[in-house]
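Below you'll find the structure, written out as C-alpha cells, and then a few comments.
Chains as they are written, first to last, in the working numbering: chain A, 1 to 322; chain B, 323 to 583.
And the structure:
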C-alpha cells in the first residue's frame, strides 16, 4: 500500500513519549518501506521535533496555544481536517489513544484496529495483527481490511523502539489548521495521584495481592506474611476498585510504577496493565491457583496453590527461619 | 436526566479460566459462567446514582442474543426503569463499528442526555463508546472515574497514566465510557430480580433500527481469525510439592534473593 502513513507523537514537558519510536517500529513491521510522517501537536513542540524528528521521513507540526494539553476532542477535528483521505494513523493504546482513536476512525471513514500487540507485513489491503482478549488469557489473530485507511492503536511496550538517528525529516508547519478549533469538552486540570502513607515506588520488597485473595478478610494473611518478611503490601487494580486497599498501593499503568528487587504476586493474574507498572526486572515469585494465569509468563518462579492454604504456612516458616 | 447505559453479556473472567477450544475457532464455552461486563456494571450504578441525585430515568440496552435479556433484567433490578434488547441474526459477526452502529440507531429512537458504556469489555478493544459518540456527533470522554453534574453540563474525571486524574468539563448531550472503581455497585438480590421478572423488555431488530446492511459479518472490516495461546518463552520455573515443601523452597529463595529483611 502506498497510503499516507502518520504516527502520532505523544509528548509531555517537551519530551516525546517512549511510544513514538515504538510506533515507528510497528509501522515498519506492518508497512515495510513506508515513509512515516510524525504528527506533533501541542504548544511549543520544537524540542520534541528535535528529539525524535530523525526517526521520521517528515514531521507535521501543529503548534498552537489551544493544543497545550492533548484534548482528544480537539485533536480529532484537527486531524480530520488535516489528513488526506485514506490515511493510516498509528496511535499508542494508552489513555490518549483510547480517547482519540475510535472517534477518529469513524470521522475519517477508516477501519479501527485497536490494541495491537504483534503484526506481520500487510497483504494487499489486509492487515494481519495479533491482539489479546480476556486480560491476556488468550491471544487472537485478527484480519482488518484497510482499503479506506486505518486508525491503529499499538500497545506500549509491544514493539522495540526504532532508532531516532539520521537527518531530521522535513518539517511542515500545519499550525494554521488549528485555528478556530472548538470543542464541547474543555480540559480543566490534572490532579496528581495522592501520596498516601506508604511509597511503594521506593520499596525493595513488595508483597502484592490481587483478586485471587477472594475476600477482604483474607488480606490479613497477606499482611501477616509481609510483616514476617519486613516487606510492604501492594496490590493490583481489583483490590483498589473493591476499596480493600487504598489507591497509592496499586501497581500498574493506572497506578504506581515500582522497581523492587523482589516482587511477590499473590493471586494476581498478570494483565499487561499490571505488569506495565513493574520495572527493573525483579525476582518475581507468583502464586496463583490458575496454572494458565499470564503472570507465570512474567514470573521468575511460580507456584500453583491456594493462597489460603499456603500463606499461613509460609508466614510461620519465615518466622521460624529468623 | 435521561440516561442510556450500554451493557454486554460476557464470560466472567474472574470466575472462569478462559481456554482455547480445539482448532482455535472459539474459546471453550461449555462450563463458562456469564455475567454483565464488569465495567458496564459500574456504568449502570453510576447512572442510577445520578438519577437518584438529580432525577430522570435510566434505560439499559444490550446487543446480543436472547440470553442477554437476563443481563438487561439483572441491571434493571439495580434501579433502571427500562430495558432494551437489540437482537437479530443479522447482527452476528459485527465488528466494533457494527455494534456502535446498532447502539447509535437505538439511541436515536430515544432522547438521551447522557449515554454511558463500560470503558472496555472482554475483548479489551475499548472502542464502542468513542465510535458511538462520533456516530451521534456528541462529545466524548473515555475512562471516566468521576461524574458530577455542573450546571447545564458535567464535570468529569478521566483516569490517566500514573494514577493521575484529568478533570474536564463536558457539555450535554454526551457519551462517556466508565472505568471500574468509580463507585461501589450495589448488590442485586433474588428479590430485586423477581421484581423486574415480568417487566417487558422491547426487542429491537435490524428492521426496527434500520441498520440492515451496515452491520453484521458482511459489513465487518475487522475479523477475528482464530484464538490461540502464544508459544511461551521460558516462563516461570514452577515449584511443586506439598504445602510444607513449597513453603520451604520459597523461604530459601526469598532468603537468597534478599526478600526477607
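For each residue, glycine too, the CB sits at the ideal point set by N, CA and C.
Considering only C-alpha positions, which residue in the set the options is nearest to residue i?
i: residue 321 of chain A; options: B:574, B:579 and B:580; result: B:574
i: residue 404 of chain B; options: B:325, B:372, B:548 and B:386; result: B:325
i: residue 55 of chain A; options: A:256, A:117, A:23 and A:85; result: A:23
i: residue 549 of chain B; options: A:57, A:131, A:20 and A:94; result: A:131
i: residue 84 of chain A; options: A:141, A:103, A:288 and A:110; result: A:110
i: residue 536 of chain B; options: B:389, B:470 and B:419; result: B:419
i: residue 94 of chain A; options: A:312, A:18 and A:233; result: A:18
i: residue 313 of chain A; options: A:160, A:208, A:216 and A:228; result: A:228
i: residue 91 of chain A; options: A:21, A:202 and A:135; result: A:21
i: residue 288 of chain A; options: A:87, A:275, A:29 and A:310; result: A:310
i: residue 349 of chain A; options: A:137, A:59, A:82 and A:275; result: This structure gives no information on residue 349 of chain A, because the portion of chain A shown stretches from 1 to 322.
DSSP three-state call for residue i: helix, strand or coil?
i: residue 273 of chain A; result: helix
i: residue 433 of chain B; result: coil
i: residue 250 of chain A; result: strand
i: residue 546 of chain B; result: strand
i: residue 230 of chain A; result: coil
i: residue 518 of chain B; result: coil
i: residue 493 of chain B; result: strand
i: residue 360 of chain B; result: helix
i: residue 479 of chain B; result: strand
i: residue 208 of chain A; result: strand
i: residue 156 of chain A; result: coil
i: residue 538 of chain B; result: coil
i: residue 400 of chain B; result: coil
i: residue 47 of chain A; result: helix
i: residue 183 of chain A; result: coil
i: residue 223 of chain A; result: helix
i: residue 338 of chain B; result: coil
i: residue 382 of chain B; result: strand
i: residue 240 of chain A; result: helix
i: residue 92 of chain A; result: strand
i: residue 467 of chain B; result: strand
i: residue 123 of chain A; result: strand
i: residue 86 of chain A; result: coil
i: residue 671 of chain B; result: Absent from the model: residue 671 of chain B. The displayed extent of chain B is 323 to 583, so no value can be given.
i: residue 354 of chain B; result: coil
When we look at the beta-carbon of residue i and count the other beta-carbons within 10 Å, is it buried (16 or more) or exposed?
i: residue 173 of chain A; result: exposed
i: residue 529 of chain B; result: exposed
i: residue 236 of chain A; result: buried
i: residue 281 of chain A; result: exposed
i: residue 199 of chain A; result: exposed
i: residue 260 of chain A; result: buried
i: residue 540 of chain B; result: exposed
i: residue 351 of chain B; result: exposed
i: residue 283 of chain A; result: buried
i: residue 197 of chain A; result: exposed
i: residue 126 of chain A; result: exposed
i: residue 315 of chain A; result: buried
i: residue 223 of chain A; result: exposed
i: residue 375 of chain B; result: exposed
i: residue 577 of chain B; result: exposed
i: residue 513 of chain B; result: exposed
i: residue 144 of chain A; result: buried
i: residue 35 of chain A; result: exposed
i: residue 114 of chain A; result: buried
i: residue 460 of chain B; result: buried
Check this for me: beta carbons of residue i and residue j, under 8 Å apart or not?
i: residue 212 of chain A; j: residue 266 of chain A; result: yes
i: residue 295 of chain A; j: residue 286 of chain A; result: yes
i: residue 37 of chain A; j: residue 5 of chain A; result: yes
i: residue 333 of chain A; j: residue 262 of chain A; result: Residue 333 of chain A is absent from the model: chain A starts at 1 and stops at 322.
i: residue 479 of chain B; j: residue 489 of chain B; result: yes
i: residue 247 of chain A; j: residue 485 of chain B; result: yes
i: residue 325 of chain A; j: residue 64 of chain A; result: The structure shown does not extend to residue 325 of chain A, since chain A is modelled only from 1 through 322, so no value can be given for it.
i: residue 501 of chain B; j: residue 466 of chain B; result: yes
i: residue 457 of chain B; j: residue 428 of chain B; result: no
i: residue 372 of chain B; j: residue 402 of chain B; result: no
i: residue 230 of chain A; j: residue 582 of chain B; result: yes
i: residue 135 of chain A; j: residue 269 of chain A; result: yes
i: residue 454 of chain B; j: residue 412 of chain B; result: no
Is residue i near the ligand ADP, with its Cβ less than 7 Å from a heavy atom?
i: residue 325 of chain B; result: The ligand ADP is not among the ligands present in this structure, which contains no ligands whatsoever.
- Message: When you compare the segment 295-309 of chain A with the segment 557-565 of chain B, are there three or more beta-carbon pairs, one atom per stretch, that lie closer than 8 Å?
- Response: yes
- Report yes or no: do the segment 86-102 of chain A and the segment 58-72 of chain A share at least 3 C-beta pairs separated by less than 8 Å? Yes, they touch.
- Any 3 or more C-beta pairs closer than 8 Å across the segment 496-503 of chain B and the segment 435-451 of chain B: yes
- Decide yes or no for the touch test of the segment 435-455 of chain B against the segment 360-369 of chain B: beta carbon pairs closer than 8 Å, at least 3 of them. yes
- Message: Quick check: the segment 387-406 of chain B against the segment 511-528 of chain B, are at least 3 beta-carbon pairs closer than 8 Å?
- Response: yes
- Task: Assess, as a yes-or-no matter, whether the segment 186-195 of chain A is touched by the segment 237-245 of chain A under the definition of 3 or more beta carbon pairs within less than 8 Å.
- Result: No, because fewer than three Cβ pairs between the segment 237-245 of chain A and the segment 186-195 of chain A fall closer than 8 Å, the two stretches do not touch.
- Query: Touch check for the segment 143-155 of chain A and the segment 104-121 of chain A: three-plus C-beta pairs under 8 Å?
  - Reply: yes
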